[in-house]
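Sequential numbering from 122 applies to the sequence shown in the working numbering. Note that CB positions come from ideal geometry on N, CA and C, so glycine has one too. Remember, predicted model here, so these are calculated numbers, not experimental data. Following: one structure in structure tokens, then a few remarks.
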Amino acid sequence: MLSPGWDNAVRAMVLALAVTTATSLVSRALKATAGEIGPIWLTNAALLAQILVAPHRQRCWAFAGGLLGYLSAGLLVGERLFVSVSYLCANLLEVLVALAFAPPVSTVAELFRPKPLVKFMAGAVLLAPAVSGLLVTSMLHEQLVGHLLQNFCNWFLSDALSLAILTPAAIVFWTGEATQLLRVERRRRTGCLLLLVCVITTGVFGQNHFPHLYWALLPIVLLAFQADMAGLMVGLLLCLAIAMSFTVSGSGPLWTFPYGDMHSRVFAVQLFLVAAMGIALPISATQTGRSRLLAMFRDLEQRYRILAENATDIVMSMAPDGRLTYVSPRATAVIGIAPENLVGLHLPDLVLSDDRDALAATIRSMAMGAAEASQVIRFQRIDGQVLWMECTFAMSSKGFAASPQELTATAHDITERRAAEQRLADERSQLHAFAFRDGLTGVFNRRYFDRELALQSQPEFWKEGRSFVAIVMVDIDGYKSYNDRYGHQAGDECVRAIAQSIASSAKRPGDTVARYGGDEFALILKETDPDGARVVSERIRQAVESLQIPHVASAAGIVTVSCGVAAQQVDSGGDSLNLVATADRALYTAKRRGRNQTCVAGADDKDGPGL
Numbered sequence: 122m123l124s125p126g127w128d129n130a131v132r133a134m135v136l137a138l139a140v141t142t143a144t145s146l147v148s149r150a151l152k153a154t155a156g157e158i159g160p161i162w163l164t165n166a167a168l169l170a171q172i173l174v175a176p177h178r179q180r181c182w183a184f185a186g187g188l189l190g191y192l193s194a195g196l197l198v199g200e201r202l203f204v205s206v207s208y209l210c211a212n213l214l215e216v217l218v219a220l221a222f223a224p225p226v227s228t229v230a231e232l233f234r235p236k237p238l239v240k241f242m243a244g245a246v247l248l249a250p251a252v253s254g255l256l257v258t259s260m261l262h263e264q265l266v267g268h269l270l271q272n273f274c275n276w277f278l279s280d281a282l283s284l285a286i287l288t289p290a291a292i293v294f295w296t297g298e299a300t301q302l303l304r305v306e307r308r309r310r311t312g313c314l315l316l317l318v319c320v321i322t323t324g325v326f327g328q329n330h331f332p333h334l335y336w337a338l339l340p341i342v343l344l345a346f347q348a349d350m351a352g353l354m355v356g357l358l359l360c361l362a363i364a365m366s367f368t369v370s371g372s373g374p375l376w377t378f379p380y381g382d383m384h385s386r387v388f389a390v391q392l393f394l395v396a397a398m399g400i401a402l403p404i405s406a407t408q409t410g411r412s413r414l415l416a417m418f419r420d421l422e423q424r425y426r427i428l429a430e431n432a433t434d435i436v437m438s439m440a441p442d443g444r445l446t447y448v449s450p451r452a453t454a455v456i457g458i459a460p461e462n463l464v465g466l467h468l469p470d471l472v473l474s475d476d477r478d479a480l481a482a483t484i485r486s487m488a489m490g491a492a493e494a495s496q497v498i499r500f501q502r503i504d505g506q507v508l509w510m511e512c513t514f515a516m517s518s519k520g521f522a523a524s525p526q527e528l529t530a531t532a533h534d535i536t537e538r539r540a541a542e543q544r545l546a547d548e549r550s551q552l553h554a555f556a557f558r559d560g561l562t563g564v565f566n567r568r569y570f571d572r573e574l575a576l577q578s579q580p581e582f583w584k585e586g587r588s589f590v591a592i593v594m595v596d597i598d599g600y601k602s603y604n605d606r607y608g609h610q611a612g613d614e615c616v617r618a619i620a621q622s623i624a625s626s627a628k629r630p631g632d633t634v635a636r637y638g639g640d641e642f643a644l645i646l647k648e649t650d651p652d653g654a655r656v657v658s659e660r661i662r663q664a665v666e667s668l669q670i671p672h673v674a675s676a677a678g679i680v681t682v683s684c685g686v687a688a689q690q691v692d693s694g695g696d697s698l699n700l701v702a703t704a705d706r707a708l709y710t711a712k713r714r715g716r717n718q719t720c721v722a723g724a725d726d727k728d729g730p731g732l
């Protein structure tokens, strides 16, 4: 038993032998007399097509089968050995030259691509018949009837026309494309078109009264529009077979023209088929390319739709005014509304009113030519839950966006991310509070005070004009004795109450109130001269005094505070630490003078007692 490789090779050789023998006999039957070159030669086209589509290992076997087929046909018709060998050499040389130019193909459409088609026409259709014609006419010039040039022309025309018409048609059968025409989804349409070709071709060539040859072109052109390349080649082959059979039998429009002999009419039939191919092939190639593009677009659209329908984001298409034309099924799970209930609505109408104007402006900017945009918006589900969505917009002309003026948007649910960001912001705020807030009083601590004070000495924080910055140091009078008498818990409550009074007295947003030490507070007053700082300091002193916190060890009988004030111009070049030290000295001056008063450095510490 032969291996699969050998089995295929032998099958290819047997097929080549059978086809070559049969086509040689049919072609020889069209010759009028012995010694005449036939007007059509089917064999070389059939063998060339088989070799072009055969696997590489089977080509030699197919070529060998063709060689045996040529010899068998010659012996069957009784040709002399020399004549038969001469024809054999010329035909095999023609096939070899054609193979040198024609590329291997797997479908007939590959042969009609621009570069392979040019090589096929130049090498197989023109050069190969010319080379073989020169060989056979030089070898058989004594055996052939007629002049050398006439015989060469007959050989060249018959072989060139046959190769041009029959090679593509034979490829359809060798590749199995012809059997694909019988598939259920194509059978009826292709069958009707091929039947139409047969009927009209029969009507045109089955009579001698009306020379309307062009009517045979109509079904061929229709076939080019409606069928693929394989169907067109089968239709052309049927047209050739019907036209040739009627013409050879003495019927058809070509008999109404004054041709000299049968050879001329057979050549005319083939020329007519070449012209029909020239008209139909560009149409078929265009339609095939268009069908391929449409299939590709349908495939891409299907892929995009599958991606959209299975994506975790909501995919939407909309008109330039924001009217939704497509919404992916993910909308049902995310916002609780079915896509069909959203199509036709305007996207800005679906978001919270606070985000509506900004979203509409973004859509308008996209409609005016912006390449892409992104915006965070809020949807409200039907159950009342508010969802944060990040929408990304882009112009689109593919997929579900059929018009170049449609927008494609993807909405990504970032509710959890926003919640996480808010938690992170809260944590940062808490860390900031831990780092810069006093745990007992809630005002800023010494660390924050020092940082703010350092910033005031930097030129980028200065404003135009010679503005001031003031420091107010506040100390609770007799706090140690208060703590010893009333206890630490009461002492903490006292510090907390005084801190709130100080904070409420320094009301401007730029003012800084900090707990500087245990019972000492410090304030930074921006854009405040010494007189303004005195006013704030007195407001603090009076606010604490109005608290009426009992303190039996105090001369006033209640808790009081002493204040020291110092101020300088921010662009004077003074040291901020020296400013604090100056305010601290003014504070102790107020203490020495009897407490419960304000001392302004440079004024009260020289001119007498303070307030």
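Residue i vs residue j beta-carbon contact at 8 Å
i           : j           : result
residue 559 : residue 682 : no
residue 224 : residue 240 : yes
residue 295 : residue 171 : yes
residue 679 : residue 669 : yes
residue 595 : residue 648 : no
residue 501 : residue 697 : no
residue 510 : residue 533 : yes
residue 257 : residue 211 : yes
residue 327 : residue 367 : yes
residue 174 : residue 292 : yes
residue 654 : residue 707 : no
residue 592 : residue 665 : no
Sequence-distant residues of its chain with Cβ nearer than 7 Å to residue i (five each side left out)
i           : result
residue 522 : For residue 522, the predicted model reports a pLDDT of 43, less than 50, meaning its position is unreliable and no value from the coordinates is stated.
residue 677 : 717
residue 675 : 598, 599, 681
residue 604 : 612
residue 617 : 561, 562
residue 148 : 159, 161, 162, 163, 164
Same chain only: Cβ atoms within 8 Å of residue i, ignoring 5 sequence neighbours per side
i           : result
residue 341 : 318, 353, 356, 357, 360, 397, 400, 401
residue 404 : 342, 345, 346
residue 321 : 336, 337, 339, 340
residue 198 : 146, 149
residue 712 : 596, 598, 683
Residue range of the alpha helix (DSSP H) that includes residue i
i           : result
residue 268 : Neither: residue 268 is in no alpha helix (DSSP H) and is coded neither H nor E.
residue 168 : 164-174
residue 367 : 350-369
residue 618 : 609-626
residue 377 : Note, residue 377: premise wrong, no alpha helix (DSSP H); not H, not E.
residue 328 : Residue 328 -> no alpha helix (DSSP H), and no H or E assigned at all.
residue 254 : 249-260
residue 332 : It is not in any alpha helix (DSSP H) - residue 332 carries neither H nor E in the DSSP assignment.
For residue i, the nearest candidate out of the options (CA to CA)
i           : options            : result
residue 217 : 180, 719, 232      : 180
residue 203 : 325, 321, 264      : 264
residue 700 : 714, 533, 571, 287 : 571
residue 227 : 567, 289, 540, 659 : 289
residue 362 : 350, 390, 379      : 390
residue 444 : 510, 406, 464      : 464
residue 672 : 710, 607, 643      : 607
residue 214 : 195, 169, 200      : 169
residue 185 : 209, 205, 201, 200 : 209
residue 312 : 297, 349, 144, 333 : 349
residue 106 : 706, 722, 508      : Within the shown structure, residues of the chain are numbered from 122 to 732, placing residue 106 beyond reach of any answer.
residue 491 : 505, 514, 499      : 514
Residues sharing a beta bridge with residue i, DSSP
i           : result
residue 435 : 532
residue 496 : 512
residue 507 : 501
residue 690 : 589
residue 720 : 685
residue 570 : None, per the DSSP bridge assignment.
residue 636 : 642
residue 606 : Paired residues: none, contrary to the question.
residue 472 : 500
residue 671 : 679
residue 565 : 558, 635
Residues near residue i in its chain [Cβ-Cβ closer than 6 Å; skip 5 each side]
i           : result
residue 724 : none
residue 384 : 160
residue 140 : 167
Residue range of the unbroken beta strand (DSSP E) whose run includes residue i
i           : result
residue 186 : Here residue 186 belongs to no beta strand (DSSP E); instead the alpha helix (DSSP H) covers 180-197.
residue 594 : 589-597
residue 447 : 445-448
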